[in-house]
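**Q** Residue numbers for the sequence shown, in the UniProt record's numbering: 1 to 120. Think of the CB as a built atom: it goes at the ideal place given N, C-alpha and C, for glycine as much as any other residue. In this text the structure is predicted, and so the values were computed from the model without any measurement. Okay, handing you the structure first.
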Amino acid sequence: MKITGDTVTITQDSNGDVEVFTSMGKPAYYEQKPAVDKEIVKAYGLTIQYFAANERIVLLDQAKVVQEGNTFEGEKIVYDTRRQIVNAGRATNTDVSTPRPRVDMVIQPRKREQAAEQPQ
1 MKITGDTVTI TQDSNGDVEV FTSMGKPAYY EQKPAVDKEI VKAYGLTIQY FAANERIVLL
61 DQAKVVQEGN TFEGEKIVYD TRRQIVNAGR ATNTDVSTPR PRVDMVIQPR KREQAAEQPQ
């Protein structure tokens, strides 16, 4: 996992375990390779928070996730790194520099099995 930004803050609990990484930048950046056979997931936002306990990332303001050729953009994106699920929407109760009333997604089509493409 890699998190970069103009400022990065790490919050720990009383036992010294990491609770939250908070990165702020123009944009802040996150990347992680979820599995050996998967492509690197890249995420951007003016604010990125990684919650270690539940392995979730919250991207705020100009949020974008690129996952295996699919792109998701919006004001706020919550990405579950364990299950690799993207949830995008409006950033309520938060001031954003670039309001986006809509979520933009580009989903790549699934590749057909080679056996299904060849006539019998």
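Do T7 and E19 come within 7 Å of each other at the CB atom, strictly closer than that value?
**A** Contact: no.
**Q** Under a three-way DSSP split, which group does M1 fall into?
**A** In the structure shown, M1 sits in coil (DSSP, three-state: anything other than H, G, I, E or B).
**Q** On the CB-based measure, 16 or more other CB atoms within 10 Å of its CB, does residue 204 come out buried or exposed?
**A** Because the chain spans 1 through 120 in this model, residue 204 falls outside it and cannot be assessed.
**Q** So E75 packs on R90, CB below 8 Å; how close in whole Å?
**A** The Cβ separation is near 5 Å, so the contact holds.
**Q** Taking Cβ to Cβ, would you say Y79 is nearer than 7 Å to V96?
**A** No, Cβ-Cβ distance for Y79 and V96 is not below 7 Å.
**Q** Using the C-alpha atoms, what's the distance from R112 back to K2?
**A** Going from the Cα of K2 to the Cα of R112 covers about 33 Å.
**Q** Need the endpoints of the beta strand (DSSP E) that P27 sits in, please.
**A** It spans V18 to Q32 - the beta strand (DSSP E) in which P27 sits, taken as one unbroken run.
**Q** What does DSSP give as the partner residues of T11 in its beta bridges?
**A** Looking at the DSSP assignment, T11 forms a beta bridge with V20.
**Q** R102: which of D17, V58, G45 and F72 sits nearest, CA to CA?
**A** Among D17, V58, G45 and F72, the Cα nearest to that of R102 belongs to F72.
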